[in-house]
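I have placed the structure first, in the form of structure tokens, so that the comments after it can refer back to it.
In full-length UniProt numbering, the protein residues as written are 1 to 148.
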């Protein structure tokens, strides 16, 4: 979706995720959040895949999408070029969240590789008062033996 410039895939991915979502036990989510871009990264991209999927998932589930729940506070290197250790360091303390006290958040990411991105987002959400943070992703990617 992201690298093939197919934003229209978001609806299909959200449909699949909502089916998985319906089959699993989870808390009563109060808001859907997505992994944000830094504002400067928006300049070179047509869309944020996580945002598109989150919006579609919100439509399907009836859970409100909090467009501005999370923000990325600084630019970082692209994760796909980094090892697992570098990914963790790259994203350390780079997300901030609005007040979500007592809320149960479903966090949407497009691709999960090491979990560094969702862990940092979840940390920011918990610091902002979230009661729980669960994540869901469109795809899972594995690192090669060289760590990239």
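For every residue, glycine included, the Cβ atom is placed at its ideal position computed from N, Cα and C.
- request: Figure out for me which residue from 120, 20 and 129 has the closest Cα to the Cα of residue 93.
  value: Shortest Cα-Cα distance from residue 93 to any of 120, 20 and 129 involves 120.
- request: Pull up the distance between the alpha-carbon of residue 126 and that of residue 76, whole angstroms please.
  value: Residue 126 and residue 76 have their C-alpha atoms some 22 angstroms from each other.
task: Output the boundary residues of the beta strand (DSSP E) element that contains residue 55.
output: Here residue 55 belongs to no beta strand (DSSP E); instead the alpha helix (DSSP H) covers 49-61.
query: What are the uninterrupted segments assigned as beta strand (DSSP E) that are 3 or more residues long and contained completely in the stretch 68-94, given in chain order?
result: Qualifying beta strand (DSSP E) stretches, in chain order: 70-72.
- prompt: Tell me which same chain residues have a C-beta within less than 6 angstroms of the C-beta of residue 64, skipping the five on either side of it?
  reply: Here the set comprises 31.
query: With distances taken from CA atoms, which of 128, 118 and 113 is nearest residue 140?
result: The candidate whose alpha carbon is nearest that of residue 140 is 113.
- prompt: Around the Cβ of residue 124, are there at least 16 other Cβ atoms within 10 angstroms (buried) or fewer (exposed)?
  reply: Burial of residue 124 is indicated by the presence of at least 16 other C-beta atoms within 10 angstroms of its C-beta.
query: Does the distance from the CB of residue 91 to the CB of residue 132 come in under 8 angstroms?
result: Going by C-beta atoms, residue 91 is not nearer than 8 angstroms to residue 132.
query: When burial is assigned at 16 or more other CB atoms within 10 Å of the CB, is residue 89 buried or exposed?
result: Counting Cβ neighbours within 10 Å, residue 89 comes out exposed, since fewer than 16 surround it.
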